[in-house]
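Q: Would you mind keeping the following structure in view while I ask a few things?
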Amino acid sequence: MGRQKIPLVKIKKDVDRYSTFSKRRSGLYKKASKLVRENNVDLGIVLSSPAGNAYAFFHPTHNAVIDRFMNLKTNLGEQIVAENSLNKVNQPNGRLNELDKRGEVAKEKFISLPQRIKTRDKGRWESIDQLNADDVMKFQALLDVEEIMLKDQLPEASSSSQSPSEDSDI
Numbered sequence: 001m002g003r004q005k006i007p008l009v010k011i012k013k014d015v016d017r018y019s020t021f022s023k024r025r026s027g028l029y030k031k032a033s034k035l036v037r038e039n040n041v042d043l044g045i046v047l048s049s050p051a052g053n054a055y056a057f058f059h060p061t062h063n064a065v066i067d068r069f070m071n072l073k074t075n076l077g078e079q080i081v082a083e084n085s086l087n088k089v090n091q092p093n094g095r096l097n098e099l100d101k102r103g104e105v106a107k108e109k110f111i112s113l114p115q116r117i118k119t120r121d122k123g124r125w126e127s128i129d130q131l132n133a134d135d136v137m138k139f140q141a142l143l144d145v146e147e148i149m150l151k152d153q154l155p156e157a158s159s160s161s162q163s164p165s166e167d168s169d170i
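Each residue of the sequence shown is one higher than the one before, counting from 1 in UniProt numbering.
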């Protein structure tokens, strides 16, 4: 059925009303934080709970938001405080954005992993058949170099190993 439209009526039970307020306040704060982070805006939210408690969310400071709303110029001290608050928020937000991007890249790699496993399981000979002439020459040169390196290491390996003693049959 999916989401359905729920009519807006006052919730009668106090406990349910307080719980719903808490959840919606949290969701509103998350959306406000995202709006601030993505659009670098000044934002202010003031809420009053059903119990009469006041809640507020301001970015960067309440004075900066009010002054912006009233179209007044802020004095130098308040402007410095606002910029300092903005810097304190932007540093973790930059890190958060970087981690979000890294998470997306990791998710893409995780999703493409089965495809890479299938490709690997095809076998190396099938992929060698797809090489062009230059790739074959490079592959041959690599094999030649490996062969020379193995020949150089072979005398060292045989001289370091000792022959079995005559008493080894006992």
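Just so it is clear, CB atoms sit at the ideal spot from N, CA and C, and this is done for glycine as well. Because the structure is a prediction, the values reported are computed rather than measured.
1) Span of the beta strand (DSSP E) holding residue 52?
2) What would DSSP say about residue 45, mapped onto helix, strand or coil?
3) Which residues in the same chain as residue 29 place their Cβ atom closer than 8 Å to its Cβ, once the five residues preceding and following it in sequence are excluded?
4) Have a look at 9, 94 and 144 and flag the residue whose alpha-carbon is nearest the alpha-carbon of residue 34.
5) When you compare each of 83, 49, 48 and 54 to residue 63 by their alpha carbons, which one comes out closest?
6) Measuring alpha carbon to alpha carbon, tell me which residue in 108, 38 and 149 is nearest residue 90.
7) Considering just the uninterrupted stretch of the alpha helix (DSSP H) at residue 12, what are its terminal residues?
8) How many angstroms separate the CA atom of residue 2 from the CA atom of residue 8?
A: Here's the rundown:
1) What you label residue 52 is simply residue 52 of the sequence shown in a count that begins at 1. Boundaries for residue 52: no beta strand (DSSP E) harbours it, and the DSSP string shows neither H nor E there.
2) Residue mapping note: residue 45 aligns to position 45 of the sequence shown, counting from 1. DSSP places residue 45 in strand when its eight states are reduced to three.
3) Along the sequence shown, one-based indexing puts residue 29 at 29. If the five residues before and after residue 29 are omitted, its C-beta is found closer than 8 Å to the C-beta atoms of 45 and 57, all from its own chain and listed in chain order.
4) For this step, residue 34 is matched to residue 34 along the sequence shown. Selection 9, 94 and 144 evaluated against residue 34 yields 94 as nearest (Cα-Cα).
5) The residue labelled residue 63 in the question sits at position 63 within the sequence shown. Answer by Cα proximity: 83.
6) To locate residue 90, count along the sequence shown from 1; it is residue 90. If we check each option's Cα against that of residue 90, 38 comes out closest.
7) For the purposes of this step, residue 12 is identified with residue 12 of the sequence shown, where counting begins at 1. Where residue 12 is concerned, there is no enclosing alpha helix (DSSP H), given that its DSSP letter is neither H nor E.
8) Indexing the sequence shown from 1 puts residue 2 at position 2. Indexing the sequence shown from 1 puts residue 8 at position 8. Those two C-alpha atoms are separated by around 18 Å.
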